Amino acid sequence: MINGISTMADSLHVAIIMDGNGRWANERNLPRSAGHHAGIRSLRETVEVAVQRQIHTLTLYAFSSDNWQRPHSEVQALMRILAAQLPAQAAHCVRQNIRLSVIGRRDRLPAPVLQALIRAEARTIHGSALHLRLALDYSARDSLTRAAEHVGSNGNGDFMHALMRAYNADCPVPDVDLLIRTGGEQRLSDFLLWECAYAELYFTAEYWPDFNGMKLDEALAAFQKRQRRYGAVPVG
Ligand code: IPE
Ligand code: IPE
Ligand code: MG
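At position 178 of the sequence shown (counting the first as 1) the number is 211 in the numbering used here, and the numbers step up by one without a gap.
Pasting the structure below:
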């Protein structure tokens with residue numbers, strides 16, 4: 034037990050839709066970008082606690098393919114934050130033995146973000162304490178469509194590998210066990226639709242900048258109380 038939460042089975046995959054940055058900023062009469070900046074501390078703390086809880090994979094939704102529709106100034110601010118934070122986060126990952134990888138399309142990312150992510154992945158490739166995945170320019174539907182096209186043309190039937198290739202995953206990961214969404218909305222917003230087939234869903238009202246290690250522990254405690262049945266009848 035650590036902090037009242039028993040450490041998790043080493044295959045646990047937690048995914049988080051980090052939502053609510055804009056509203057957090059609006060409520061403080063700040064620009065939306067201030068909310069995105071404030072979310073960095075939540076991200077760091079969440080990653081730290083994920084390592085302590087021995088979570089195997091943590092996938093964080095940082096920028097969806099639909100987020101390109103936002104005002105240019107907000108997209109630019111987000112891309113600047115990513116280009117600046119990826120090297121800092123990679124350095125932290127190296128120290129903590131964390132593997133950092135990025136899933137999603139790469140062909141539309143600004144060059145500084147692309148360079149920073151390639152370098153971050155290379156620097157952390159041997160990390161084994163946690164596999165931290167950032168979803169950038171990610172769309173589950175787009176990935177599924179491209180995987181289906183690929184499998185169809187090849188006829189090899191290996192859909193999982195085609196899906197991995199479609200969103201640039203560098204290795205297979207277990208399906209999502211626990212999906213957390215902050216910010217009060219109760220929807221998936223095109224995140225990991227295939228991998229969440231039997232995920233336990235946890236929605237919390239806090240905006241992402243107010244999320245922290247304690248809130249992650251609350252989500253994990255709720256998850257531990259869930260009975261997962263996978264369509265079968267529970268034994269006993
Ligand atoms: C999530 O916060 C961050 C991104 C989508 C990049 P939002 O920016 O969606 O914040 P809200 O939902 O408008 O409050
Ligand atoms: C989902 O949040 C994407 C990320 C958190 C990166 P959005 O704020 O874009 O989702 P919607 O628009 O509320 O569905
Ligand atoms: Mg939002």
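Beta carbons: idealized from backbone N, C-alpha and C, even for Gly. The model shown is predicted, which means the values in this text are computed figures rather than measured ones.
Could you name the residues of the same chain whose beta carbon sits closer than 7 Å to that of residue i, not counting the 5 residues immediately before and after it, in chain order?
i      : result
Ala64  : For the record, residue 64 in the displayed sequence is Pro; it is not Ala. Excluding residues within five positions, the ones whose Cβ falls inside 7 Å are Ala58.
Ala173 : Asp223, Phe224, Leu225, Leu226, Trp227
Trp101 : Val108
Ala180 : Phe192, Ala195, Leu196, Ala199
Gln129 : Val84, Ala162
Quick one: grab the DSSP three-state call for residue i.
i      : result
Glu60  : coil
Thr90  : strand
Glu233 : strand
Phe192 : helix
Ala121 : helix
Leu115 : helix
Ser106 : helix
Val184 : helix
Ser97  : strand
Ala238 : coil
Ala265 : coil
Val127 : helix
Are there any heavy atoms of ligand 3 lying less than 7 Å away from the beta-carbon of residue i, as far as the coordinates show?
i      : result
Gly55  : yes
Gly216 : yes
Can you tell me where the beta strand (DSSP E) with residue i in it begins and where it stops?
i      : result
Ser134 : 131-136
Leu150 : Here Leu150 belongs to no beta strand (DSSP E); instead the alpha helix (DSSP H) covers 144-157.
Asp171 : It is Tyr, not Asp, that sits at residue 171 in the sequence shown. Note, Tyr171: beta strand (DSSP E), 163-171.
Arg214 : 211-214
Ala202 : Ala202 -> no beta strand (DSSP E), and no H or E assigned at all.
Which residues in the same chain have their Cβ closer than 8 Å to the Cβ of residue i, if we skip the five residues on either side of it in sequence?
i      : result
Val127 : Arg156, Thr157, Gly160
Excluding the 5 residues flanking residue i on each side, which residues of the same chain have their C-beta closer than 6 Å to its C-beta?
i      : result
Leu150 : Leu119, Val135
Asp210 : Leu45, His46
Gly137 : Ala168, Leu169, Asp170, Tyr171, Tyr200
Tyr231 : Tyr263
Ile114 : His69
Ala252 : Ile213, Tyr235
In the DSSP assignment, find the alpha helix (DSSP H) that holds residue i and state where it starts and stops.
i      : result
Glu251 : 246-258
Ile73  : 65-85
Regarding residue i and ligand 1, is the C-beta to nearest heavy atom distance less than 7 Å?
i      : result
Asp52  : yes
Leu150 : no
Leu111 : yes
Arg65  : yes
Ile101 : Before going on, a small fix: residue 101 reads as Trp here, not Ile. Answer for Trp101: no, Cβ out of range of ligand 1.
Gly68  : yes
Trp241 : yes
Can residue i be considered in contact with ligand 2, in the sense that its beta carbon sits closer than 7 Å to one or more heavy atoms?
i      : result
Phe244 : no
Ser176 : no
Arg179 : no
Tyr94  : yes
Ser98  : no
Arg220 : yes
Give a yes or no on whether 8 Å exceeds the smallest Cβ distance from residue i to chain D.
i      : result
Ala110 : Any reference to chain D falls outside this structure, which holds one protein chain only.
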